[in-house]
Amino acid sequence: MVYFENEYAEVTHRIELISKIEPKLLSYTLINSYPHDSKAYTQGLEFHRDTLYEGTGNGAGNATGVKGISSLRKTNFKTGEVYKKIEYPEIIFGEGITILNNKVYQLTWQNGFGFIYDADNFTEIKRFNYSKRIQGWGLCNDGKMLYQSDGTEKIYMLNPETMLIESNINVYSGANKIKSVNELEWINGKIYGNIYQKDAIAVINPSNGEVEAVLYLGDLKKLVTLHPDIDVLNGIAYNPKSNTIFVTGKNWDKLFEIKVD
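Residue numbers for the sequence shown follow our numbering, so the first one is 211 and each next one is one higher.
Next comes the structure, spelled out in structure tokens:
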């Protein structure tokens, strides 16, 4: 069991300050760690048929300021081997991904459009324009609808055929909006969302946007090799075969498998 008394007190104190209804603080067990490309600026992470798919951006390094190349890739999560990869020109900043009906949907940050690919061979099926002037951050699906975050407190529901926004929810805790909702993952009827620049994942009720629980993961960063380009926690992938969650961060050299207790 991973349990840190000091961190528990700190996170609980922050929750009490912003919420009338206190979300549960979840604990977890660290199952394993695997190699991860330290040059992958992780924006989206998802399992499909036991293969890990990852979308990356071209964020500048913290110290060097050198940009990378955005990509879509599928990998062997145990070894870090990249089976297949698409790379974009620097003008395209890749963001979150999700997979539905054997199609990979990938957002871009400020380009105003996204991509749809065949999940097997990465053949581009089409591109779609955002139906509203918003940014692209995170993406997940419930088997029918897509859910997109835009860096605010909003999560939009999109029709996967038309890519039009049909509705949205506001993410909140008590009476307070929770902004900077980033990478998303649908897990057992809930949306797990990274909060940008925070070492925690919010467990969100998709029907009303309420944060029901918090998963604090700040201690995982202590296990990552430090280097100038390392950045924040980002990337959530649920593996239904093992009932475990895989998490990483931007330019982290490790991918962690955890089990939420």
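Yeah, the Cβ is synthetic: ideal placement off N, Cα and C, and Gly gets one too. Small disclaimer: the values here were computed from a predicted structure and weren't measured.
Contact set for residue i: own chain, Cβ-Cβ below 8 Å, skip 5 residues either direction
{"i": "Y382", "result": "E363, I388, G419, E420, V421"}
Under the three-state DSSP convention, the category residue i falls into
{"i": "G361", "result": "coil"}
{"i": "D471", "result": "coil"}
{"i": "K234", "result": "strand"}
{"i": "L374", "result": "coil"}
{"i": "K342", "result": "coil"}
{"i": "D441", "result": "coil"}
{"i": "K387", "result": "strand"}
{"i": "G353", "result": "coil"}
{"i": "G428", "result": "helix"}
Proximity below 7 Å, CB of residue i to CB of residue j
{"i": "L317", "j": "P370", "result": "no"}
{"i": "G346", "j": "G304", "result": "no"}
{"i": "T289", "j": "N351", "result": "no"}
{"i": "F325", "j": "R343", "result": "no"}
{"i": "V470", "j": "Y244", "result": "no"}
Spatial neighbours of residue i in its chain, beta-carbon cut-off 6 Å, leaving aside the 5 residues before and after
{"i": "L356", "result": "L368, P370"}
{"i": "Y293", "result": "K284"}
{"i": "E297", "result": "I279, S281"}
{"i": "A410", "result": "V424, Y426"}
{"i": "E467", "result": "I241, N242, T454, F456"}
For residue j and residue i, believed in contact at Cβ under 8 Å, the rounded distance
{"i": "I455", "j": "I446", "result": "6 Å"}
{"i": "D260", "j": "K451", "result": "6 Å"}
Chain-order list of residues whose beta-carbon lies under 7 Å from that of residue i (same chain, five-residue window excluded)
{"i": "A329", "result": "H258, I309, N312, K313, V314"}
{"i": "K460", "result": "Y251, T252, G269, D441, V442, N444"}
{"i": "N339", "result": "G322, F323"}
Taking the runs of the beta strand (DSSP E) that are 3 residues or longer, which of them lie wholly in the region 279 to 324? 281 to 285, 292 to 297, 304 to 310, 313 to 318
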